[in-house]
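Here's the structure, in structure tokens; my notes come after.
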Amino acid sequence: MGWNDWYSAYCGVSAQLVEETARDMVADGMAAAGYRYVNIDDCWMAPARDSAGNLVADPTRFPGGIKPVAAYVHSLGLKLGIYEDAGTLTCAGYPGSYGHEAQDAATFASWGVDYVKYDRCNIPYADFPGESQQAVDASLFTRMSNALKATGRPIVYSIVDPDPGVDSWTWGRTVGNLWRTTPDIEDNYGSMLTNFEGTVELSSAAAPGGWNDPDLLQIGNGGSTATEYRSEFSLWAEMAAPLIASTDVADLSPAALSIYENADVIAVDQDPLGRPGVAVSSAGGLWVMTKQLTGGDRSVLLFNSTDTAATITTSATAAGLRRAAGYSLLNLWTGDVSETGSQISAYVPAHGVAMFRVGVQTRRALSGLAPHTVLSLAAAEPELNAGTTTTVQESFTDQGTVAVKRLRLSFFAPRGWLVKRLGRNHLKRLAAGHRFTVSYNVTSPATSPPLGIASLSGAASYDPVDGLSDSSATLDEATSVPVPAPFATANVTGRDASFGASNGSLAISAGGTGVFPSYEIQPATDSFAAIYAPGGAGPSSSAQVTVTWDPAGGIAGSAGLIARNQMTAPSGSGTAVVLYLSSNSTIEMAWNAQGGPDVDTWFQVPKVYVGYPVTLRLVRTGNTYTGYYSTSHGTSWTLVRTVTVAPSVSAATQDVGAFHASGLDTWVTTATFQDLLVNGVELR
Ligand code: GAL
-9 MGWNDWYSAY CGVSAQLVEE TARDMVADGM AAAGYRYVNI DDCWMAPARD SAGNLVADPT
51 RFPGGIKPVA AYVHSLGLKL GIYEDAGTLT CAGYPGSYGH EAQDAATFAS WGVDYVKYDR
111 CNIPYADFPG ESQQAVDASL FTRMSNALKA TGRPIVYSIV DPDPGVDSWT WGRTVGNLWR
171 TTPDIEDNYG SMLTNFEGTV ELSSAAAPGG WNDPDLLQIG NGGSTATEYR SEFSLWAEMA
231 APLIASTDVA DLSPAALSIY ENADVIAVDQ DPLGRPGVAV SSAGGLWVMT KQLTGGDRSV
291 LLFNSTDTAA TITTSATAAG LRRAAGYSLL NLWTGDVSET GSQISAYVPA HGVAMFRVGV
351 QTRRALSGLA PHTVLSLAAA EPELNAGTTT TVQESFTDQG TVAVKRLRLS FFAPRGWLVK
411 RLGRNHLKRL AAGHRFTVSY NVTSPATSPP LGIASLSGAA SYDPVDGLSD SSATLDEATS
471 VPVPAPFATA NVTGRDASFG ASNGSLAISA GGTGVFPSYE IQPATDSFAA IYAPGGAGPS
531 SSAQVTVTWD PAGGIAGSAG LIARNQMTAP SGSGTAVVLY LSSNSTIEMA WNAQGGPDVD
591 TWFQVPKVYV GYPVTLRLVR TGNTYTGYYS TSHGTSWTLV RTVTVAPSVS AATQDVGAFH
651 ASGLDTWVTT ATFQDLLVNG VELR
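In this text, residue positions in the sequence shown follow this note's numbering: the first is -9, and each later residue adds one.
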């Protein structure tokens, strides 16, 4: 456990930041909670080695070098980590350890370094003809491993080599103490989910002495909700992954700090048995995980990776506990303790978790505990057109070994919604193991934004054993206003997407990796959702839209304009051109110059970063397309570029419209637009 500067400071790391963070970690309780390593990432070095070939710290940001920083961190009872690379240069372009392994290891040891994060950029594969990337990487990481061991100083060795095919978890155990399993984590739910899914399947590789590393924790950096950050922390703990906070500790909110300092969840992560959790089931994105703990308890994690709240259920025996009269459930996020005869269940919000420490109990111990109950809401349709009606069921289940009494359910919808209860909502007594359900007809307001979310909520009050208890549940119901003709919608993402349009505003909620040429190891993609004008892009035509918001991620998360022979054709059917605002706030175009199955060429307006709103305009003349953008609602336009696409992907009649892709397959986000205009026809 520890801290790393990368996702808050990037190349701005300094002695001052490291020392301040160490002080803050002591002051705010993180050190006491177990965070021990204070780790410096890339960019700490001067651009060149000294005349003797030694690494030197950047003289401005580390005026006294690394040694005094290590001494200071040690004086606070903490440990210091540093970053290097197996190649000729680090990922950010500073001197790498290639050919200097022994010298650099000795330098680190002499400075008092306790942890080395070792990366895999800029490895000179030409020096190893005929060898696979995996073989070269394993031997270079082993070189540094041996060099660190030879110093005689105990140094934790972190292997960073998540490139596909290198599989460092297969060779890392004899070389280092942790190994990255997945790509660099971004501060968004989709990236977190990708890294979780890519690591959980490798659980058998991890055991005391060597751990799977799904990358640093982004908790507190602002790109995810509190629910999502609690999931990140819980999932990492359940996988027995390193808990390394990569955030500005001085600036942590009390809410984020309370996640980092949840002692019960930390105890699951750090349990001395060192068994990573395994999946019991994951059908439909509803995960049940169980982790064996010292003393016979299990940590049972219910994770709803989907975009809709859902009830997730397992049983104590399915989670690996022995058959018994009953079990205690400590809810690790609420602190509540309850008892169950067998079922372990929770109504879990979209992207959220419920996490329990489950223990076998005697009948006598159970009698002092309240029964485990679950209140849930489920709508017949998860998405509702404005002004229409659906049925919502509110269910209360008693999963304990005793009955609950005086049960009363209630239900609330936001202003403008109509609710009609369809049956009675109270019961004198609900027997153990039974469920009580009340149904409601709910009608959404006739006027609403293109895509909206309404929080429907339920509450239960009941008498568990003695005294009144209550619980609540919420369901986020999506509403949409259908896109009017002659416009249509297309979804080429492979998972659900939603569309809405009202009063000139548009919204597209979708995942998808975007429309992008092949990049490094990633193949080209056509993965997006669109609101478009069928046949709108004739040989002499234009389309225009204003992007008002887009929380994109990945390399090609985007919102903008797209022209395609047939918008609904599956991925790999060719796309003429896209013009968009990318996830890093640049204006880009990608197009199909060769006529293959995907776009093959890409252009980015250099050094221009724009915010919202930005208006995009795409003008077609034959098989050339010219992109423009405007940050003044079309008062003045800047040329992006004129591009020529292959004749095969620029049919005489094409579809054109607004598109959105979140940037990640695992993540659905909503982009909003205004004023889609195709050949002078506006979507209203
Ligand atoms: C990446 C690594 C990141 C960070 C960065 C520094 O390759 O995965 O965690 O260390 O390099 O340049």
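Just so it is clear, CB atoms sit at the ideal spot from N, CA and C, and this is done for glycine as well.
Asked	Found
Which of helix, strand or coil DSSP assigns to T591	strand
Per DSSP, the bridge partner or partners of V482	Note: V482 sits in no beta bridge, so no partner.
C-alpha distance - T503 paired with A340, whole-angstrom precision	21 Å
Contact test: V150 Cβ vs the ligand GAL heavy atom, cutoff 7 Å	yes
N-terminal and C-terminal residue of the beta strand (DSSP E) that P567 is part of	Looking at the sequence provided, one finds Val at residue 567 rather than Pro. Where V567 is concerned, the enclosing beta strand (DSSP E) stretches over V567 to S572.
Span separating the alpha-carbon of T132 from that of A651	41 Å
Rounded separation between T298 and P372 - CA only	7 Å
Where Y219 falls, given that 16 or more other Cβ within 10 Å makes a residue buried	buried
Near the ligand GAL: T80 beta-carbon under 7 Å from a heavy atom	yes
Under 8 Å between C-beta atoms of S335 and T378	no
Residue nearest to M279 in terms of C-alpha spacing, selected from A257, T330, V239 and A344	A344
Residues bridged to D466 [DSSP beta-bridge criterion]	S445
Beta-carbon proximity list for Q383, same chain, < 6 Å, skipping 5 on both sides	A368, T427 and S429
C-alpha gap between A480 and T381, whole angstroms	28 Å
Exposure label - I521; buried when at least 16 CB within 10 Å	buried
Alpha-carbon spacing of T304 relative to E467, whole angstroms	26 Å
Any non-hydrogen atom of the ligand GAL closer than 7 Å to W(-4) Cβ	yes
Close Cβ partners of A572 (< 6 Å) along its chain, the five nearest in sequence each way excluded	For the record, residue 572 in the displayed sequence is Ser; it is not Ala. These residues qualify, in order along the chain: S548 and E578.
Beta carbon proximity, Y0 to chain C, threshold 8 Å	The chain labelled as chain C is not found in the depicted structure, where only one protein chain is given.
Three-state secondary structure (DSSP) of L138	helix
Nearest-angstrom Cβ-Cβ length linking M(-9) and R26, presumed shorter than 8 Å	6 Å
Selection from F98, S100 and G212 that minimises the alpha carbon distance to P541	G212
Assigned exposure category for G286 - 16 Cβ within 10 Å defines buried	exposed
Cβ distance (whole Å) where A5 is taken to contact V63 below 8 Å	That pair is no contact at about 10 Å.
V505 and A566 closer than 8 Å at C-beta	no
Near the ligand GAL: D174 beta-carbon under 7 Å from a heavy atom	yes
Cβ-heavy atom distance, D32 to the ligand GAL, below 7 Å	yes
N185 (DSSP reduced to helix, strand or coil)	helix
Own chain partners of M35 with C-beta closer than 7 Å, once the 5 adjacent residues on each side are dropped	L45, V46, A47, D48, Y84 and P85
Contact under 8 Å by Cβ, L242 with D203	no
Contact under 8 Å by Cβ, L654 with S181	yes
F518 vs F663 beta-carbon contact at 8 Å	no
Reduced DSSP category for T634 - H, G, I as helix; E, B as strand; rest coil	strand
Residues that P152 bridges to, as DSSP identifies them	DSSP, once it has assigned bridges, lists no residue as partnering P152.
Identified DSSP bridge partners for G423	DSSP lists no partner for G423.
Nearest to R411 (by Cα), restricted to the options N431, A546 and R405	N431
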